[in-house]
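If you use the numbering used here, the sequence shown corresponds to residues -1 to 236, in order.
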Amino acid sequence: MNLLSTLTERIQDVEQLIQAACARSGRSRDEVNVVAVTKYVSLDSVRDVVAHGVRQLGENRWQNAKPKWEALQELPKSEAPVWHYIGSLQTNKVKDVIGKFTYIHSLDRLSLAQAIADRADKLGIIVPCFIQVNVSGEDSKQGLEPEQLPEFLRELSQYRSIRPIGLMTMAPFEAEAEETRPVFRALRELRDQLNELGIAEHPLTELSMGMSNDFTVAIEEGATWVRLGTILVGKEEA
Ligand SMILES: *Cc1c(COP(=O)(O)O)cnc(C)c1O
């Protein structure tokens, strides 16, 4: 991937890679959504991304997202982005994030669920959330252990304003993307097993997995949301 390529070229290249991964795995292109992760770029670049018709934006820290979120409030509704919170979420940031970010990809503890639910109740909204799972067992990774999921999902059903829609994971960085395949496959299997248990009121349909270096493998293993920063939006010097 040429880092000097234009945004238009990167969007096209990513689209081709997605289509090829869907074709290899017999999936329909419509099943795969892209979150453009804008955390490495300036407000001007985010404007450019949105002007290119990209509507799903992801950020992992409220402090960095805030100026971008605020500036883009000026856009007419038809052009307004949908925001995804993909980083670990501190409870004291919930009041800032909920109501602004439509999707939360990093629900990983009950105290956070409680805070989200309190805020959502106040705003009268329902928040679609991904439960973050530490599939690889790395200490450095956020997320629940797979064994904790059934009980966590059971506890979540007490919060009417939280809608668990699927699972999210971050694979360890591997030089060879292929080596992440077992992690992605395991997340899909966990989702399917949870659905068989029938705990949640609605089946978990979504899998948020795959980043710039490994998203084609994630798509082959069932990703419904890939989170793409570097390869799509680019990376600028801070
Ligand atoms: C930064 C980030 C991404 C995107 O990373 P790239 O490798 O640049 O695509 C995806 N998911 C999460 C949780 C991130 O923090």
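Glycine included, each C-beta is placed from N, C-alpha and C at the ideal position.
- Cβ atoms of alanine 113 and tyrosine 157 stay farther apart than 8 Å, at about 10 Å.
- Contact between methionine 207 and alanine 221 is confirmed by a C-beta separation of about 5 Å, below the 8 Å threshold.
- Distance from the CA of lysine 66 to the CA of valine 44, rounded to the nearest whole angstrom, comes to 7 Å.
- Separation of glutamate 174 and lysine 120 (C-alpha to C-alpha, rounded to the nearest whole angstrom) is 46 Å.
- Separation of the CB atoms of valine 224 and valine 30 is rounded to 7 Å, and the pair is thereby assigned contact status at 8 Å.
- By the neighbour-count criterion, in which 16 or more other beta carbons inside 10 Å mark a residue as buried, histidine 82 falls on the buried side.
- Here the stretch 67 to 86 makes no contact with the stretch 146 to 156; the two share fewer than three CB pairs at distances below 8 Å.
- Within the chosen limit of 6 Å, ligand 1 does not reach the beta carbon of leucine 165 with any heavy atom.
- Distance from the CA of valine 133 to the CA of glutamate 235, rounded to the nearest whole angstrom, comes to 32 Å.
- For isoleucine 114, the enclosing alpha helix (DSSP H) stretches over residues 108 to 121.
- The residue from Asn193, Gly196, Met166 and Gly232 with its alpha-carbon nearest to that of alanine 216 is Met166.
- The beta carbons of leucine 202 and leucine 192 sit closer together than 7 Å.
- The DSSP-derived three-state label of leucine 87 is coil.
- Counted as a single uninterrupted DSSP element, the alpha helix (DSSP H) harbouring isoleucine 217 occupies residues 213 to 218.
- Leaving aside the five residues that flank serine 159 on each side, the residues in its chain whose CB is nearer than 6 Å to its CB run, in chain order, Ala115, Ala118, Asp119 and Ile124.
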